[in-house]
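According to this note's numbering, the sequence shown is numbered sequentially starting from 100.
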Amino acid sequence: MKDTILFALPGNETITGQLASHLKAEVGEIITRKFPDGETYVQFVSVVSRKKVVLVCTLDQPDKKIIALYFLAKTASDLGAESVCLIAPYLPYMRQDKSFNQGEGVTSRHFGELVSSIADTFVTVDPHLHRIKSLSEVINGKYAVVHSAEQIAQWITKNLQRPMIIGPDEESVQWVSKVAKKANAPFIALNKTRLSDEEVEISVPDHNEYKDRTLVLMDDIISTGETMLEVISKLKSMSHNKPVCIGIHAVFSGDAYNKMIQSGVADIVTCNTIPHKSNKIDISRVLSEGYRELYR
Ligand code: R5P
């Protein structure tokens, strides 16, 4: 795609390079830094006039990243870019999709509006859709959602014997069932009650297959890790098989990753929507297909 130019926001260089090679597009240069007073400075070093500009920035830790993105998108338009696309492999804030307590903000909707106001088009991977059924409820304008199920299923098929996929809650059925079908494996979804930001209760029924299957706990987001840890601890009394944990988005707040490692898992595997040492599943090709879909 000759007229497309990609820019990596800091920390997004690897996936940007992979996307550029799938899209046969160039990678441009930007400068972003802080002024001494903490305000954000942005500059395009490469020419963007009459080009399709793609800003690549995954949005974990979103509050730290959003202002630079906004300034870059507006600057690209000022400099005559034909269009501006934001590729954000991880879309945050989607779990706050209702007012759980009196006076709380439904920030999934507000963040969606913010993202929509930044760029002309938007591409993301498996957003957390629970009470919101379609991304069109929060994003205005053209967007593409791509899915990691095929890549995850391929990884499972290649690396695990007799897998059984376990989703921690009701909403996980949407991705766990697809992965299970593609990997030709059985699956179950558990019942989760969230008690606080860092506390969940999950009931894990006994199952005669736990003992001779490779247990694969799969969730879309691993954040505090408490969801995975709760299932891991309950499974310990039912099976000697150490589970493999798969997350699409490696948010890993605090020392969630180390806690999970210490809990005695066989492996922790994530997609490269957020750079992390657990990334073993590459979704850059499907992401590039999402972009192509918007600009064909
Ligand atoms: C929420 O319902 C998501 O699907 C995940 O289950 C949740 O984000 C996991 O969060 P944590 O790792 O903090 O338990």
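C-beta: ideal position from N, C-alpha, C; glycine also.
What you are looking at is a predicted structure, and each value in this text was computed from that prediction instead of being measured.
Does ligand 1 have a heavy atom nearer than 7 Å to the CB of V299?
yes
Could you check where the alpha helix (DSSP H) with D177 kicks off and where it finishes?
Per DSSP, D177 belongs to the alpha helix (DSSP H) from 161-177.
Alpha helix (DSSP H) containing Q273: first to last residue?
272-282
Identify the continuous beta strand (DSSP E) that holds L316 and give its terminal residues.
For L316, the uninterrupted beta strand (DSSP E) run begins and ends at 313-321, by DSSP.
Same chain only: Cβ atoms within 6 Å of N378, ignoring 5 sequence neighbours per side:
T369, N371
If I measure Cβ to Cβ from P374 and keep anything under 7 Å in the same chain, skipping five residues before and after, which residues do I get?
G110, T113
Do I186 and L386 have their beta-carbon atoms positioned less than 8 Å apart in this structure?
yes
Do the stretch 194-203 and the stretch 168-176 touch if we need at least three Cβ pairs shorter than 8 Å?
no
Spatially closest choice to I287 from V275, R149, D296, L294, by CA coordinates
Comparing Cα-Cα distances from I287 to each of V275, R149, D296, L294, the minimum goes to V275.
Hey, would you say Q273 sits closer than 8 Å to D381, going by beta carbons?
Cβ atoms of Q273 and D381: not closer than 8 Å.
Sorry if obvious, but does the Cβ on S75 come closer than 7 Å to a heavy atom of ligand 1?
The structure shown does not extend to residue 75, since the chain spans only 100 to 395, so no value can be given for it.
Is S226 near ligand 1, going by C-beta to nearest heavy atom under 7 Å?
What sits at residue 226 in the sequence shown is Pro, not Ser. At a threshold of 7 Å, P226 does not count as near ligand 1, since its beta carbon sits no closer than that to any of the ligand's heavy atoms.
Would L314 and P342 qualify as a contact pair, given that the criterion is a beta-carbon distance under 8 Å?
yes
Are the CB atoms of T326 and D318 within a distance shorter than 8 Å?
Yes.
So what does L118 bridge to, in DSSP terms?
According to DSSP, which records beta bridges pairwise, L118 is partnered with nothing at all.
Can you list, in chain order, the residues of its chain with a C-beta nearer than 8 Å to that of N307? Leave out the 5 residues immediately preceding and following it.
none
Between which two residues does the beta strand (DSSP E) harbouring L294 extend?
290-295
Decide yes or no for the touch test of the stretch 178-194 against the stretch 150-161: beta carbon pairs closer than 8 Å, at least 3 of them.
yes
Would you say P161 touches ligand 1, meaning its beta carbon is less than 7 Å from a heavy atom?
no
Using CA atoms only, rank isn't needed, just tell me which of T131, E181, E138, S120 is closest to Y394.
E181
Just tell me which of S352, G363, E392, Y356 has its CA closest to the CA of P161.
S352
What I want to know is whether the C-beta of P267 ends up closer than 7 Å to one or more non-hydrogen atoms of ligand 1.
yes
Should V214 be labelled buried (16 or more other beta-carbon atoms within 10 Å of its own) or exposed?
buried
Boundaries (first-last residue) of the alpha helix (DSSP H) holding S387
383-394 is the extent of the alpha helix (DSSP H) around S387.
Just to confirm before moving on: does the CB-CB distance between V330 and I265 stay below 8 Å?
A distance below 8 Å separates the beta carbons of V330 and I265.
Can you grab the Cα-Cα spacing for the pair S332 / E128, in whole Å?
47 Å
Return the bridge partner residues of G202 from the DSSP annotation.
Beta-bridge pairing links G202 to no other residue.
At the level of alpha carbons, what is the spacing between A248 and K277?
C-alpha separation (whole angstroms): 6 Å.
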